[in-house]
Structure formats: C-alpha cells, structure tokens
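This report refers to the structure that appears directly beneath it.
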Amino acid sequence: MLLEGEGALGTGMSVKATETCKGCTSSVKVTEAQIERLLSKIKPSDRIDDDSYKTRLEACASCDGLAYGTTCMHCGCLVRLRASLKEGRCPHPESQVNPKWLA
Ligand code: SF4
Numbered sequence: 137m138l139l140e141g142e143g144a145l146g147t148g149m150s151v152k153a154t155e156t157c158k159g160c161t162s163s164v165k166v167t168e169a170q171i172e173r174l175l176s177k178i179k180p181s182d183r184i185d186d187d188s189y190k191t192r193l194e195a196c197a198s199c200d201g202l203a204y205g206t207t208c209m210h211c212g213c214l215v216r217l218r219a220s221l222k223e224g225r226c227p228h229p230e231s232q233v234n235p236k237w238l239a
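Quick note on our numbering: the sequence shown kicks off at 137 and runs consecutively.
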C-alpha cells in the first residue's frame, strides 16, 4: 500500500505503509553478519549462559513484540543483543506480572 500527498505533510512525498511502526523502515533491518559483528563486541564476562540465552530467544520468537525477527518493538533493541546480556531485561509491559524472560 502506498500513501501519497497530504499524509506526507503536503509535500507530495510517497510513504510506503507496509510497516507496523512509522519510525521503522527497511533501514532498521539488519543482517545476520551485522548482528554477529555486534555480538562479538560484548565482553564474555557480560554475557549470560548459553541455556538462558536460548530460553530468552525462544520467548522472543513467540512474542507479539518481535519485529522483523530481530527487533523488540517495546525498546527498539536487537533481541539477540539484549538477550545475550546478563543484565538484560525484557521490556514487555506485562513483564512485572507475567515475565517473558525467566532468566
Ligand atoms: S518484549 Fe521481551 S520477549 Fe518480547 S520481543 Fe521484546 S525482549 Fe523479546
């Protein structure tokens, strides 16, 4: 779907309206290589153990807050980075009463 004209501040610009978040466009999509490069920069001492990391990512995979398979819509983080951190916490609004991440 394409929106044109007045909806784009009367500039005649076209806005592709296939994304769920107006602030997120194809420019926020990242590649596997980019994610791996970012993960490699995290100090081992800051990382959570592998089993907990996997459990967190499984929760993300079934969460309605996951966009593009990579990004949390509640905080804008790449979930693989956030989930890899010992101090990482799930930002889901229901996390206080119904935590998505148990580790
Ligand atoms: S809200 Fe929590 S479980 Fe859902 S995608 Fe974000 S970090 Fe993952």
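Note that the Cβ used here is the ideal one computed from N, Cα and C, for glycine as well. Bear in mind that the values here come from a model prediction, so they are computed numbers and not experimental data.
Does DSSP put residue i in a helix, in a strand, or in coil?
i, result
"Arg-183", "strand"
"Cys-196", "helix"
"Leu-175", "helix"
"Thr-207", "strand"
Note down the Cα distance separating residue i from residue j, rounded to an integer number of angstroms.
i, j, result
"Gly-201", "Gly-212", "10 Å"
"Pro-235", "Thr-167", "28 Å"
How is the alpha helix (DSSP H) around residue i delimited, first residue to last?
i, result
"Ala-219", "215 to 220"
Short of 6 Å in beta carbon distance, which residues of its chain neighbour residue i, apart from the five on each side in sequence? Order them along the chain.
i, result
"Gly-143", "Any reading at Gly-143 must be qualified, since the residue scores a pLDDT of 33, below 50, and its modelled position is unreliable; no value is offered."
"Cys-196", "Leu-202 and Val-215"
"Cys-226", "Lys-236 and Trp-237"
I'd like to confirm something about residue i: is its beta-carbon nearer than 7 Å to some heavy atom of the ligand SF4, or not?
i, result
"Leu-202", "yes"
"Ala-239", "no"
"Arg-218", "yes"
"Lys-222", "no"
"Pro-180", "no"
"Val-215", "yes"
"Lys-273", "Lying before the first or after the last residue shown, residue 273 is absent from the chain, which here runs from 137 to 239."
Only counting the same chain, and skipping five residues up and downstream in sequence, which positions put a Cβ closer than 8 Å to that of residue i?
i, result
"Ile-178", "Leu-217, Ser-220 and Leu-221"
"Leu-175", "Arg-216, Leu-217 and Ser-220"
"Thr-206", "Lys-165, Val-166, Ile-171, Leu-214, Val-215 and Arg-216"
"Thr-191", "Trp-237, Leu-238 and Ala-239"
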